[in-house]
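Colleague: This note's numbering numbers the first residue of the sequence shown as 99 and each following residue consecutively. Where is the CB? At the ideal position from N, CA and C, for every residue including glycine.
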Amino acid sequence: MDTNNSVIRSCLLYEFKLGAKAIVAARKICMAFGDHAVSSRTAQKWFKRFTSGNYSLTDEARSGRPKIIENDNIKEAVESNSSATCADLAQMFNLSAECIRLRLHQMGKTWKLSKWIPHDLSEDNKLSRLSICSANFSRNEKYSFLDSLLTCDEKWILYSNSRRSYHWLSSTDPIPHTPKNSLHPKKILLCVWWTTAGIIHYEFLVTGRTITSGLYCEQLQRVQEALIKKQPSLINRKKVIFLQDNAKPHTAKISREKISELGWDLLPHPPYSPDISPTDYHLFLALDNFMRNKQFKTQVEVTNAVRQFFESKSVDFYRNGIQKLSSRWERVIECEGNYFDE
């Protein structure tokens, strides 16, 4: 028994003899020797032993040869099931959870929360992502077309954008409170189309109205008119390469006919793939950061904030967002259709 354990157990026996409760005794000892000197459960275990009349401060002898657990055994178990808890591993190897935790830290292991992904991809989903990304990547390698790319998406913009944040606080400082957003927050739908040159067209959907294929076709016509004004070269000398997701209004027959009528070249895009949609991985991500903790009372305030965000971004911001697409296609290829880590 090491000296530290001997001192702690002597203190526990002393408190027991004084008639203190185990939890109180543990609290006093931690005040004297540090927060982790002894746990309440350990104190209760020793108090139970003292109550039985056994005042020995040494560990009871165990039968059989002590089991030697190598770090490699623990590492193998963790790597076969990375979600196993310290308690699970402690039971498996007949060690304490604290011992398991220390050994895992020695191996360089840390306990991390799993990452959300957009969808549980089936084998067909992965194959679709792989084949489409391979085709798009090869096409762009032969003749770069990203400067001719027009892309779009829709996003709900909330009036209240409260987010919890970290704070540097002293032990006596009260923790700031952040109210939760309503289960049915007030919001408005933003529809946006953009290229490497910047925002081509955006509009907010009237409250109570939803995106239908008919409305989507009307929007596409307005986008065509905006392109003629803002990027006539894309209409006159080049050909619009159009990238959209697979929402039903986008893929409906009437929508595809409208895209063909406008003379746009529809670029294939696999389902469940916001990670290779510039609007999702770049534009809306930056917009979320801009809107963080902002509060709006009226629709005018919301629309002004969105306009301010779009106008605050340089051409390089929009160009870089779309130019990243080639490398993201390549990452999907490398991952054989799976989602990749950012």
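Return the first residue and the last residue of the beta strand (DSSP E) that Glu-301 is part of.
Modeller: First-last of the beta strand (DSSP E) with Glu-301: 296 to 302.
Colleague: What is the DSSP secondary structure of Gln-329, reduced to helix, strand or coil?
Modeller: Coil, per DSSP.
Colleague: Near Arg-417, which residues of its chain fall below 7 Å by C-beta distance, leaving aside the five closest residues on each side in sequence?
Modeller: Answer for Arg-417: Thr-294, listed in chain order.
Colleague: Taking the beta strand (DSSP E) that Ile-339 belongs to, which residues open and close that run?
Modeller: It spans 339 to 341 - the beta strand (DSSP E) in which Ile-339 sits, taken as one unbroken run.
Colleague: Within 10 Å of its beta-carbon, does Pro-283 have 16 or more other beta-carbons around it, so buried, or fewer, so exposed?
Modeller: Result: exposed.
Colleague: By the three-class DSSP mapping on this structure, what secondary structure does Thr-149 have?
Modeller: Three-state DSSP puts Thr-149 in a helix.
Colleague: List the whole-angstrom C-beta distance separating Asn-279 from Ser-260, where the pair is believed to meet the contact cut-off of C-beta under 8 Å.
Modeller: Sure, about 6 Å apart at Cβ, within 8 Å.
Colleague: Considering Trp-427, what are the terminal residues of the beta strand (DSSP E) in which it resides?
Modeller: Per DSSP, Trp-427 belongs to no beta strand (DSSP E); it is in the alpha helix (DSSP H), 413 to 432.
Colleague: Between Lys-172 and Leu-187, which are expected to be in contact by the criterion C-beta below 8 Å, what is the C-beta distance as a whole number of angstroms?
Modeller: A small fix is needed here, since residue 172 is Ile in this sequence, not Lys. Confirmed, about 6 Å.
Colleague: By Cβ distance below 6 Å, which residues in the same chain neighbour Asp-363 in space, the five residues on each side in sequence not counted?
Modeller: Closer than 6 Å at Cβ, skipping near neighbours: Lys-337, Ile-339.
Colleague: Does DSSP classify Leu-155 as helix, strand or coil?
Modeller: Reduced to three states, the DSSP call for Leu-155 is coil.
Colleague: Pairing CB atoms from the stretch 346 to 363 with CB atoms from the stretch 379 to 395, are three or more of them under 8 Å?
Modeller: No, they do not touch.
Colleague: Since Thr-249 is in the alpha helix (DSSP H), which residue starts that stretch and which ends it?
Modeller: Run containing Thr-249: none in the alpha helix (DSSP H); it sits in the beta strand (DSSP E), 247 to 256.
Colleague: Pop quiz: Gly-435 and Leu-211 are said to be a contact at Cβ under 8 Å. What is the actual Cβ separation, rounded to whole angstroms?
Modeller: Actually they are not in contact, since the Cβ atoms of Gly-435 and Leu-211 sit about 25 Å apart, beyond 8 Å.
Colleague: With DSSP as the reference, label Val-400 as helix, strand or coil.
Modeller: In this structure, Val-400 counts as helix in the three-state DSSP scheme.
Colleague: Roughly how many angstroms separate the alpha carbons of Asn-179 and Phe-114, rounded to a whole number?
Modeller: When rounded, the distance between both Cα atoms is 42 Å.
Colleague: Please tell me whether Ser-311 and Ala-350 are closer than 7 Å, where the distance is taken between their beta carbons.
Modeller: Yes.
Colleague: Do the CB positions of Ala-141 and Ala-124 come within less than 7 Å of each other?
Modeller: Yes, these two residues count as a Cβ contact at 7 Å.
Colleague: Once DSSP output is grouped into helix, strand and coil, what is the label at Lys-395?
Modeller: Lys-395 falls in the coil class under three-state DSSP.
Colleague: Taking DSSP as the reference, what is the three-state secondary structure of Pro-164?
Modeller: Any reading at Pro-164 needs caution, since the residue's pLDDT is 48, under 50, leaving its predicted position unreliable; the model's value is listed next. Coil, per DSSP.
Colleague: Residue range of the beta strand (DSSP E) that Lys-285 falls in?
Modeller: Element bounds for Lys-285: 285 to 293.
Colleague: Using DSSP bridges, identify the partner residues of Leu-364.
Modeller: Its beta-bridge partners are Phe-340.
Colleague: Which residues in the same chain as Ile-215 place their Cβ atom closer than 6 Å to its Cβ, once the five residues preceding and following it in sequence are excluded?
Modeller: The answer, listed in chain order, is Tyr-437.
Colleague: Between the beta-carbon of Thr-249 and the beta-carbon of Leu-341, is there less than 7 Å?
Modeller: Yes. Within cutoff.
Colleague: When you compare only the Cα positions, how much space is there between Asn-192 and Arg-107?
Modeller: Whole-angstrom Cα-Cα distance: 23 Å.
Colleague: Locate the alpha helix (DSSP H) running through Asp-170, then write down its first and last residues.
Modeller: Where Asp-170 is concerned, the enclosing alpha helix (DSSP H) stretches over 169 to 178.
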